[in-house]
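In what follows, a single structure is set out as structure tokens and then discussed.
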Amino acid sequence: MLSRTAQNLFWMGRYIERAEATARLIEMGRRMTMLPGANDEWRSVARASGCASDLADDPGIAAQDIIFRLLLDPENPSSIRCCISQARANAKAVRTALTSDMWESLNDQWRLLETLDGDEALADLPIWLDWAKQRAAAFRGAAETSLLRNEGYVFLRLGELIERVEMTLRLLDVKYYVLLPETDVVGGGRDFHQWTAVLRATSAMRAYHHVYRGDYTPWGIAEFLILSRIFPRSAHYCYLQIDRRLGELAAMHGQRFPCHRTAGDMVARLADTDIQALFQSGLHEFVGDGIRVTNRLSTEISRAYHF
Numbered sequence: 002m003l004s005r006t007a008q009n010l011f012w013m014g015r016y017i018e019r020a021e022a023t024a025r026l027i028e029m030g031r032r033m034t035m036l037p038g039a040n041d042e043w044r045s046v047a048r049a050s051g052c053a054s055d056l057a058d059d060p061g062i063a064a065q066d067i068i069f070r071l072l073l074d075p076e077n078p079s080s081i082r083c084c085i086s087q088a089r090a091n092a093k094a095v096r097t098a099l100t101s102d103m104w105e106s107l108n109d110q111w112r113l114l115e116t117l118d119g120d121e122a123l124a125d126l127p128i129w130l131d132w133a134k135q136r137a138a139a140f141r142g143a144a145e146t147s148l149l150r151n152e153g154y155v156f157l158r159l160g161e162l163i164e165r166v167e168m169t170l171r172l173l174d175v176k177y178y179v180l181l182p183e184t185d186v187v188g189g190g191r192d193f194h195q196w197t198a199v200l201r202a203t204s205a206m207r208a209y210h211h212v213y214r215g216d217y218t219p220w221g222i223a224e225f226l227i228l229s230r231i232f233p234r235s236a237h238y239c240y241l242q243i244d245r246r247l248g249e250l251a252a253m254h255g256q257r258f259p260c261h262r263t264a265g266d267m268v269a270r271l272a273d274t275d276i277q278a279l280f281q282s283g284l285h286e287f288v289g290d291g292i293r294v295t296n297r298l299s300t301e302i303s304r305a306y307h308f
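Okay, so the sequence shown: first residue is 2 according to the numbering used here, each after it adds one.
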């Protein structure tokens, strides 16, 4: 496979996953602002997004400014509008590597987002967040049911998984930033609703209830989203899948690279992590390190396969 094709598929996967993840992040902030006593949640969302931290430090910033930056800002390469536009550009560049179902899932109604203005988006925010998530789900469904299981599929999946694990960690970091100035509320009613908002943002409510039987504790939710081996959005599950896909590439090419070692080390680290010890040593520190490792892994994959 040409490195250019691998690059387009890898970043197509990342952009589509990022569009959905950003929608989930906005949705989480929106839910948290509905709680009694909520006052700084949008700043937390801006800070944890990784692409709007400058807004979080602006004392005069309004919620709609943060939402616009994450949803529609053409100057922000991580906004939902830019992500979907970039994913479509990647798809056009490798059109013959995609199936017609995949292309149609990306191309369908994308101009709606191109012509959307800020006031309309804010007025119908839940509708547009659902739209972004539905586009991502339609694309993934088309890829799973119609794409050959070859190198192209592996690079597409790697992009999705790397973006997914990073955003799961960032969603947990939102919770950290919200509680940072008010550690006395841990375990209280507001704390409960904030932690369950994290579950809703990752579509994990029913799955969590099935495993923990409704015992909604901070350590239980963090354990589920970081260490579960069976929930598709947990950090551990994503890294298990990343390690598996990189192993497939190693078998195809007969060669291993630093990215294989990085993924394997992270799988081993997550397998040995105890959630109680993690809370004692610092959830924020662990999450921050996990994000840094994930970003390094993405760079190592690009170097290994020349894109």
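In this text, a Cβ means the ideal position worked out from N, Cα and C, and glycines have one as well.
Cβ contact (3+ pairs, closer than 8 Å) linking the segment 215-228 and the segment 273-280: Taking 8 Å as the limit for Cβ pairs, the verdict is that the segment 273-280 does touch the segment 215-228.
Beta strand (DSSP E) runs wholly inside the segment 54-80, at least 3 long, in chain order: Taking only runs of at least 3 residues, no beta strand (DSSP E) segment lies wholly in the segment 54-80.
Selection from 131, 137, 4 and 235 that minimises the alpha carbon distance to residue 169: For residue 169, the nearest C-alpha among the options comes from 235.
Helix, strand or coil at residue 230 according to DSSP, with G and I counted as helix: In the structure shown, residue 230 adopts coil according to DSSP, grouped into three states.
For residue 259, the nearest candidate out of 13, 304, 237 and 157 (CA to CA): The option with the nearest alpha carbon to residue 259 is 304.
Residue 204 versus residue 75 - alpha carbon distance: Between residue 204 and residue 75, the C-alpha separation is close to 28 Å.
Close Cβ partners of residue 239 (< 6 Å) along its chain, the five nearest in sequence each way excluded: A distance below 6 Å between beta-carbons, with the five flanking residues on each side excluded, links residue 239 to the following residues of its chain, in chain order: 162, 165 and 166.
Local conformation of residue 215 per DSSP, three classes: Three-state result, residue 215: coil.
As assigned by DSSP and simplified to three states, the class of residue 297: Three-state result, residue 297: helix.
contact_flag[the segment 84-100, the segment 6-25] where n(CB pairs < 8 Å) is 3 or more: Yes, the segment 84-100 is in contact with the segment 6-25.
Extent of the continuous alpha helix (DSSP H) to which residue 100 belongs: In the DSSP annotation of this structure, residue 100 is not part of any alpha helix (DSSP H), being labelled neither H nor E.
6 Å Cβ shell around residue 171 - same chain, five flanking residues per side excluded: Within its own chain, the residues whose Cβ lies closer than 6 Å to the Cβ of residue 171, once the five positions on either side in sequence are excluded, are 49, listed in chain order.
At least three beta-carbon pairs within less than 8 Å, the segment 139-148 to the segment 102-110: Contact between the segment 139-148 and the segment 102-110 is present, with at least three C-beta pairs closer than 8 Å.
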